[in-house]
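I have placed the structure first, in the form of structure tokens, so that the comments after it can refer back to it.
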Amino acid sequence: MSSFNADLRARLAEVNASIAALHLRLKPLEDARKQLQSELDGIVYPVATLPPEITSNIFLRCLPPSPELSSPVKAHPSMFTAPLLFLQVCRMWRNIALSTPRLWVDLHVNLGEFPHEMDEDDLEKYIRDWFGRAGTCPLSFSV
Numbered sequence: 114m115s116s117f118n119a120d121l122r123a124r125l126a127e128v129n130a131s132i133a134a135l136h137l138r139l140k141p142l143e144d145a146r147k148q149l150q151s152e153l154d155g156i157v158y159p160v161a162t163l164p165p166e167i168t169s170n171i172f173l174r175c176l177p178p179s180p181e182l183s184s185p186v187k188a189h190p191s192m193f194t195a196p197l198l199f200l201q202v203c204r205m206w207r208n209i210a211l212s213t214p215r216l217w218v219d220l221h222v223n224l225g226e227f228p229h230e231m232d233e234d235d236l237e238k239y240i241r242d243w244f245g246r247a248g249t250c251p252l253s254f255s256v
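Residue numbers (the working numbering): 114 to 256.
Rendered as structure tokens:
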């Protein structure tokens with residue numbers, strides 16, 4: 114029994130030594146990955162280095178045309194178009210969009226296309242939240 118016990122302990126020591134050796138090899142690889150990711154982020158995401166006011170101006174230029182200029186049948190604001198889309202990209206874009214009042218001055222609501230699960234109270238809250246983001250800017254609302 115003691116021979117079996119000693120054999121198990123020896124195998125456990127070998128496994129522990131292998132794990133320790135792998136940890137020694139893993140640390141430099143993790144450091145290299147971190148450095149490469151940092152370099153890649155600087156290349157791939159240069160938009161993240163723009164000042165917020167520049168990003169805000171770009172956001173304003175991405176807004177869909179106002180309802181008067183577009184087709185008479187316009188759907189409710191979509192999570193797939195500006196300005197709601199900006200809220201979903203990353204925390205920085207969300208903060209910039211929420212702090213850009215002019216993004217929130219126009220709202221066209223097509224009641225026939227609003228989600229069925231949205232009752233009057235939800236719709237009222239939606240409209241209040243939307244225009245609350247506009248701050249003191251002049252508002253445009255159509256139904």
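Backbone N, C-alpha and C fix where the C-beta goes; we use that ideal spot for every residue, glycine too.
Bear in mind the structure is a predicted one, so any value in this text is a computation, not a measurement.
Quick check on the burial criterion: 16 or more other C-beta atoms within 10 angstroms. Buried or exposed for L139? Indexing the sequence shown from 1 puts residue 139 at position 26. It is exposed - the Cβ of L139 has fewer than 16 other Cβ atoms within 10 Å.
_S169 - DSSP class collapsed to helix/strand/coil_ = Counting from 1 along the sequence shown, the entry for residue 169 is found at position 56. Secondary structure of S169 (DSSP, three-state): helix.
Q.
Tell me which residues share the same chain as G225 and place their Cβ nearer than 7 Å to its Cβ, disregarding the 5 neighbours each side in the sequence.
A. What you label residue 225 is simply residue 112 of the sequence shown in a count that begins at 1. So no residue of the chain qualifies.
(request) Look at the alpha carbon of V202 and the alpha carbon of N223, and state the distance between them as a whole number of angstroms. (result) Your numbering for residue 202 matches position 89 in the sequence shown. Your numbering for residue 223 matches position 110 in the sequence shown. In this structure, the CA atom of V202 is about 25 Å from the CA atom of N223.
- Thinking C-alpha only, which one of R124, D234, A119, D242 is nearest W217? The residue you call residue 217 lines up with position 104 of the sequence shown. It is D242 whose Cα lies nearest to the Cα of W217.
Whose C-alpha, out of P196, R207, P159, is nearest the C-alpha of P178? For the purposes of this step, residue 178 is identified with residue 65 of the sequence shown, where counting begins at 1. The shortest Cα separation from P178 among P196, R207, P159 belongs to P196.
Discussion item. Please classify T162 as buried or exposed, where buried requires at least 16 other C-beta atoms within 10 Å of its C-beta.
Written reply: For the purposes of this step, residue 162 is taken as the residue at position 49 of the sequence shown. So T162 counts as exposed.
Specify the secondary structure class of S184 as computed by DSSP and reduced to three states. Walking along the sequence shown from the start, residue 184 turns up at place 71. In this predicted model, S184 has a pLDDT of only 45, less than 50, meaning its place in the structure is not dependable enough to derive any value.
Verify whether the separation of the beta carbon atoms of R215 and C250 is less than 8 Å. In the sequence shown, residue 215 corresponds to position 102, counting from 1. In the sequence shown, residue 250 corresponds to position 137, counting from 1. Closer than 8 Å, so yes.
Q. Roughly how many angstroms lie between the CA atoms of S131 and L173, to the nearest whole one?
A. Reading the sequence shown from its first residue, position 18 is the one you call residue 131. Reading the sequence shown from its first residue, position 60 is the one you call residue 173. Distance between the alpha carbons of S131 and L173 is about 57 Å.
Legend entry - Of the listed residues F199, D154, L153, G155, nearest to S169 (C-alpha basis): As a working note, residue 169 is residue 56 in the sequence shown. From the listed residues F199, D154, L153, G155, the smallest Cα separation to S169 is found for F199.
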